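See structure below.
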Ligand code: ADE
Ligand code: ZN
């Protein structure tokens, strides 16, 4: 239908995407085979059947297990290249993506291997498809401050490749305050900061991300609606929220997409964007996210256009590039 075509063809930016979350089962089995690594599941179908999550942690356990088969620079290249091919077909023209170095360095893969594979694919994507990009290094919040500091040190030689630092993984019990000192150091080194907050965790974590980590965007942020003062603050400071509808549905952050707060947030003057988070696990890339939220909430072309414009407004593209899109 015409609204789906509209979604497909309009140029978009993706601002909340974990590259490890784009690992499709078929590619996972291919890479496992060439690296002689075992996967707990016998087939692609068995693996896909395991994608049935009651909460964030159940997903994370499977997501980290999947990443175990990534060993060589070529593996990280292939992972990233597959993602870029996919979004290129969906008319995504700019991406700001997360990678989780500790997922790999913790199992003996070098930081250099990870970032070189990802970065060279991003450069090839820019050359071949014209997709511009920013890279965000995300700390795993279930690990300790020392591990995050060590990761930051490892990133310093690659400062020119990394625009920002982020914070992801198990939210409840791991508040932003745990990483205040790491984020202060990261800002001193010139990194922009963002953090996942208010996905499962309380609105207080969003306040901490703003006040202690000085974030420029909140990833998810659904729970801000519990606190009217916070909503006003986010609107006043124009701090974007990178929302992920299908992720919210699959991780039971919302019971039904009809309950998704995206429209309510727009009405409250929040700068909200649509993103895919971990598309290989949640059943859809950018266009499927736009389409499912459009179906559930009966969004108009005008509302979709506003969301797409928001994706460029909230991006870190140079001002003159943004102007062309908004
Ligand atoms: N890592 C990958 N996806 C995530 C999510 N939705 N929340 C927290 N950590 C994540
Ligand atoms: Zn995320």
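Residue numbers (UniProt numbering): 4 to 329. Just so you know, even glycine gets a beta-carbon here, dropped at the ideal spot from N, CA and C. Owing to the predicted nature of the structure, the values given are computational and were not obtained by experimental measurement.
- Query: By Cβ distance below 8 Å, which residues in the same chain neighbour residue 60 in space, the five residues on each side in sequence not counted?
  - Reply: As a first step, residue 60 must be located in the chain shown, where it is residue number 57. 173, listed in sequence order.
- Mapping DSSP to helix, strand and coil, what is residue 3? Nothing in the structure corresponds to residue 3, since the chain is present only between 4 and 329.
- Message: Going by DSSP in three states, residue 18 sits in which element: helix, strand or coil?
- Response: For this step, residue 18 is matched to residue 15 along the chain shown. Reduced to three states, the DSSP call for residue 18 is coil.
- Query: Alpha carbon to alpha carbon, how far is residue 318 from residue 14?
  - Reply: Residue mapping note: residue 318 aligns to position 315 of the chain shown, counting from 1. Residue mapping note: residue 14 aligns to position 11 of the chain shown, counting from 1. Rounded to whole angstroms, residue 318 to residue 14 spans 14 Å at the Cα level.
- Message: DSSP has residue 222 in a bridge; who is on the other side?
- Response: By 1-based counting over the chain shown, the position of residue 222 is 219. Residue 222 is bridged to 199, 245.
- Task: Since I believe residue 70 is in contact with residue 26 (beta carbons under 8 Å), could you give me their beta-carbon distance rounded to a whole number of angstroms?
- Result: Mapped onto the chain shown, residue 26 falls at position 23. Mapped onto the chain shown, residue 70 falls at position 67. The pair is a contact, with the Cβ atoms about 7 Å apart (cut-off 8 Å).
- Task: For residue 131, count neighbouring Cβ atoms within 10 angstroms of its own Cβ and tell me buried if that reaches 16, exposed if not.
- Result: Position 128 of the chain shown, counting from 1, holds the residue named residue 131. Classification for residue 131: exposed.
- Message: For residue 18 and residue 245, which I take to be in contact (beta-carbon distance under 8 Å), what is that distance rounded to the nearest angstrom?
- Response: Counted from its first residue, the chain shown places residue 18 at position 15. Counted from its first residue, the chain shown places residue 245 at position 242. The pair is a contact, with the Cβ atoms about 5 Å apart (cut-off 8 Å).
- Query: Going by alpha carbons, who is nearest to residue 73 out of 223, 222, 105, 87?
  - Reply: Taking the chain shown and counting its residues from 1, the one referred to as residue 73 is at position 70. The shortest C-alpha separation from residue 73 is found at 105.
- Query: Which residue comes first and which comes last in the alpha helix (DSSP H) that contains residue 256?
  - Reply: Position 253 of the chain shown, counting from 1, holds the residue named residue 256. That residue, residue 256, is in no alpha helix (DSSP H); it is neither H nor E in DSSP.
- Message: Could you check if residue 21 belongs to the surroundings of the ligand ADE, using beta carbon to heavy atom distance under 6 Å?
- Response: Locating residue 21 in the chain shown gives position 18, counting from the first residue. The answer is yes for residue 21.
- Task: Run the proximity test for residue 49: is its beta-carbon closer than 6 Å to any non-hydrogen atom belonging to the ligand ZN?
- Result: The sequence position of residue 49 within the chain shown is 46, counting from 1. Not so, every heavy atom of the ligand ZN lies at least 6 Å from the Cβ.
- Beta carbon of residue 119 nearer than 7 Å to that of residue 166: Numbered from 1 along the chain shown, position 116 holds the residue referred to as residue 119. Numbered from 1 along the chain shown, position 163 holds the residue referred to as residue 166. Cβ atoms of residue 119 and residue 166: not closer than 7 Å.
- Is it true that the region 33-50 meets the region 226-243, where meeting means three or more beta-carbon pairs spaced less than 8 Å apart? no
- Message: Just to confirm before moving on: does the CB-CB distance between residue 157 and residue 116 stay below 7 Å?
- Response: For the purposes of this step, residue 157 is taken as residue 154 along the chain shown, with counting starting at 1. For the purposes of this step, residue 116 is taken as residue 113 along the chain shown, with counting starting at 1. No, the Cβ-Cβ distance between residue 157 and residue 116 is not below 7 Å.
- Query: Which ranges does the beta strand (DSSP E) cover as unbroken runs of at least 3 residues, wholly within the region 44-117, from first to last along the chain?
  - Reply: 95-102
- Query: If you run the structure through DSSP and keep just helix, strand and coil, what is residue 176?
  - Reply: Numbered from 1 along the chain shown, position 173 holds the residue referred to as residue 176. Residue 176 falls in the coil class under three-state DSSP.
- Given residue 183 as reference, the closest of 299, 147, 283 once Cα atoms are compared: Within the chain shown, the letter at position 180 stands for residue 183. Looking at the Cα atoms, 147 is the closest of the given residues.
- Query: From 85, 217, 312, pick the residue whose C-alpha is nearest to that of residue 190; which is it?
  - Reply: As a first step, residue 190 is located in the chain shown; it is residue number 187 there, counting from the start. Ranking the options by Cα distance to residue 190, first place goes to 217.
- Quick check: the region 250-260 against the region 279-294, are there 3 or more CB pairs under 8 Å? yes
- Item | Reduced DSSP secondary structure (H/G/I, E/B, other) of residue 35 | For this step, residue 35 is matched to residue 32 along the chain shown. Here residue 35 sits in helix by DSSP.
- Message: When you measure from the CB of residue 279 to every non-hydrogen atom of the ligand ADE, does any distance come out below 6 Å?
- Response: Counted from its first residue, the chain shown places residue 279 at position 276. The answer is no for residue 279.
- Does the region 295-315 touch the region 226-233, meaning 3 or more C-beta pairs lie closer than 8 Å? no
- Residue interval of the beta strand (DSSP E) (run including residue 276): On the chain shown, residue 276 is found 273 positions in, with the first residue counted as 1. Residues 275-277.
- Query: What residue from 187, 54, 194, 9 has the CA that sits closest to residue 214's CA?
  - Reply: On the chain shown, position 211 is the one that residue 214 refers to. Taking only the C-alpha atoms, the option nearest residue 214 is 187.
- Task: Could you round the C-beta distance between residue 284 and residue 54 to whole angstroms and report it? I think they count as a contact, below 8 Å.
- Result: Stepping through the chain shown from its first residue, residue 284 is reached at position 281. Stepping through the chain shown from its first residue, residue 54 is reached at position 51. Correct: roughly 6 Å between the Cβ atoms.
- Measure the C-alpha to C-alpha separation of residue 20 and residue 327 and round it to an integer number of angstroms. The count along the chain shown starts at 1 and reaches residue 20 at position 17. The count along the chain shown starts at 1 and reaches residue 327 at position 324. Taking the straight line joining both Cα atoms gives about 23 Å.
- Message: Check for me: the beta strand (DSSP E) holding residue 171 runs from which residue to which?
- Response: Taking the chain shown and counting its residues from 1, the one referred to as residue 171 is at position 168. Its beta strand (DSSP E) spans residues 167-171.
- So residue 79 and residue 140 are in contact, right, with Cβ under 8 Å, and what is the actual spacing, rounded? In the chain shown, counting from the first residue as 1, residue 79 sits at position 76. In the chain shown, counting from the first residue as 1, residue 140 sits at position 137. About 14 Å; that fails the 8 Å criterion.
- Task: Taking residue 297 as part of the alpha helix (DSSP H), name the residues at either end of that continuous run.
- Result: Counting from 1 along the chain shown, the entry for residue 297 is found at position 294. Note, residue 297: alpha helix (DSSP H), 289-300.
- Query: What does DSSP give as the partner residues of residue 280 in its beta bridges?
  - Reply: Residue 280 sits at position 277 when you count from the first residue of the chain shown. Bridge partners of residue 280: 20.
- Query: So, helix, strand or coil for residue 136, using DSSP?
  - Reply: On the chain shown, residue 136 is found 133 positions in, with the first residue counted as 1. It is a strand residue.
- Give the range of the alpha helix (DSSP H) segment to which residue 158 is assigned. Residue numbering aside, residue 158 sits at position 155 when the chain shown is read from its first letter. Counting along the chain, the alpha helix (DSSP H) containing residue 158 begins and ends at 148-158.
- Item | For residue 11 and residue 92, the rounded distance between their alpha carbons | Taking the chain shown and counting its residues from 1, one reaches residue 92 at position 89. Taking the chain shown and counting its residues from 1, one reaches residue 11 at position 8. Their Cα atoms are separated by approximately 9 Å.
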